[in-house]
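Asker:
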Amino acid sequence: MRAQVLEDTVMARQLGGLGLIVSTAMGRDCISVRMYRSYPDSVAGFGKNALPIHLNSRLLMTLSMALHFAGHTLPWLLPVPGGRVLRAASVLERLTVNLIAGRRRPPIWPRACWARSRRCWPCPCIFGP
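Letter 61 of the sequence shown, counting from 1, is numbered 61 in the UniProt record's numbering, and no numbers are missing.
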């Protein structure tokens with residue numbers, strides 16, 4: 001499974017094929033998941049998927065990287081036409097992703113909450129002690 005591209009998606013398909021219901025739930029402050037143990041592990045994990053996600057095309061991957069750089073970095077560094085709109089869109093995109101994913105705090109806080117409470121439900125970080 002580890003060698004698969006997007007192994008979480010492959011696992012969900014296998015579980016669905018067995019007739020099990022697979023869904024996504026937000027753990028908020030009661031649960032957190034660490035995908036990688038270290039920075040080198042994260043580089044290896046994302047690197048494993050980079051080319052296959054771009055249809056094994058280095059050209060497509062390079063164009064995608066250039067587009068992301070142009071849209072998310074250049075407007076902060078250079079006076080580009082429509083720079084204010086691009087900067088606002090970049091910040092709005094990050095805020096929207098955080099809102100959808102339920103990220104309201106830095107990732108270390110939920111673990112500190114768990115260590116303090118020693119229980120999950122009802123989570124004292126959400127409902128109080």
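Heads up, the beta-carbon is just placed ideally off N, CA and C, and yes, glycines get one too.
(1) Going by beta carbon distance, what residues of the same chain come within less than 7 Å of LEU15, once the five residues before and after it are set aside?
(2) Could you work out which residue in SER90, MET61, LEU63 is closest to PRO75 when comparing CA atoms only?
(3) Considering just the uninterrupted stretch of the alpha helix (DSSP H) at ASN49, what are its terminal residues?
(4) With distances taken Cα to Cα, identify the nearest neighbour of PHE69 among VAL97, PRO52, ARG87, ARG58.
(5) Between the C-alpha atoms of HIS72 and ARG58, what's the straight-line distance to the nearest angstrom?
(6) Short of 8 Å in beta carbon distance, which residues of its chain neighbour LEU95, apart from the five on each side in sequence? Order them along the chain.
(7) Which first and last residues belong to the alpha helix (DSSP H) in which VAL10 is found?
(8) List the endpoints of the continuous alpha helix (DSSP H) containing GLY71.
(9) Going by beta-carbon coordinates alone, are HIS54 and MET61 separated by less than 7 Å?
(10) Where LEU78 and ARG84 are concerned, what is the direct C-alpha to C-alpha distance, given to the nearest angstrom?
Answerer: So, from the listed chains and residues:
(1) VAL22
(2) SER90
(3) 39 to 53
(4) ARG87
(5) 21 Å
(6) Counting only Cβ-Cβ distances below 8 Å, and skipping sequence neighbours, we find nothing.
(7) 7 to 17
(8) 58 to 72
(9) yes
(10) 11 Å
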